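Remarks on the structure that follows.
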Amino acid sequence: MTAFFKRHSTFVLLLLLVTLLALAWVYPSEGLFLGITFLLFSFLAASLAVLDKHKQAYRQGRITRGAFIRNAVLEITGTWLVMLAAGLLGRSAAGAVTQGIGGELLRVSVGIGIGLLVGMGVGVAGKKTLRRLNFYPGRRAESSAVSN
Numbered sequence: 213m214t215a216f217f218k219r220h221s222t223f224v225l226l227l228l229l230v231t232l233l234a235l236a237w238v239y240p241s242e243g244l245f246l247g248i249t250f251l252l253f254s255f256l257a258a259s260l261a262v263l264d265k266h267k268q269a270y271r272q273g274r275i276t277r278g279a280f281i282r283n284a285v286l287e288i289t290g291t292w293l294v295m296l297a298a299g300l301l302g303r304s305a306a307g308a309v310t311q312g313i314g315g316e317l318l319r320v321s322v323g324i325g326i327g328l329l330v331g332m333g334v335g336v337a338g339k340k341t342l343r344r345l346n347f348y349p350g351r352r353a354e355s356s357a358v359s360n
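The numbering used here numbers the first residue of the sequence shown as 213 and each following residue consecutively.
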């Protein structure tokens, strides 16, 4: 299952997104539920990828069991917080920018664009922050040897 998901994760997530959008179009009253379902599925996929990454480092002996648990919990919690911040900031920015736009199609297009840009910016900043929190002894030793 994990090998299949690794190989086809982008396709599966895009197919799920298209399916959820089609269902939200057919059943508009269920749109919020479907959106939350997609976000939870995306979070689950990201969490599984994080666990797999840290599990490989643990099995190779680069980190201890405690470091494995700490790194996995910090990165999964951080991913959740980054997703939450990206959604809230993207929605707020899109609302502020599109407030004065009269045309519906233009308002939706600009809102989606602004929301995506702000969300990606928050994601990049969060990724850099989360990288600093993880502890890999070999990586720290290499980086200090390079700086000397």
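Positions of the beta carbon are idealized from the N, C-alpha and C atoms, including for glycine. Remember, it's a predicted structure, so these values are computed and weren't measured experimentally.
Close Cβ partners of residue i (< 8 Å) along its chain, the five nearest in sequence each way excluded
i	result
lysine 339	Val294
glycine 307	Gly323
Assumed close pair residue i, residue j - CB separation to whole angstroms, cut-off 8 Å
i	j	result
valine 334	valine 322	Contact doesn't hold; Cβ gap of about 18 Å is too wide.
leucine 227	serine 254	Actually they do not touch by this definition, with Cβ atoms about 13 Å apart.
leucine 286	leucine 345	5 Å
First and last residue of the uninterrupted alpha helix (DSSP H) at residue i
i	result
glutamine 268	243–271
glycine 312	Neither: glycine 312 is in no alpha helix (DSSP H) and is coded neither H nor E.
Close Cβ partners of residue i (< 6 Å) along its chain, the five nearest in sequence each way excluded
i	result
isoleucine 326	Ala305, Ala306 and Val309
alanine 258	Thr291
phenylalanine 250	Leu232
serine 359	Confidence at serine 359 is low in this model, with a pLDDT of 42, below 50, so its placement is unreliable and the value that follows should be read with caution. Nothing listed; no residue qualifies.
alanine 298	Gly331, Val334 and Gly335
glutamine 272	none
Own chain partners of residue i with C-beta closer than 7 Å, once the 5 adjacent residues on each side are dropped
i	result
isoleucine 288	Ser259 and Val262
glycine 243	Ala236
Closer than 8 Å to chain D by CB, residue i
i	result
serine 321	The displayed structure is made up of one protein chain only, and chain D is not part of it.
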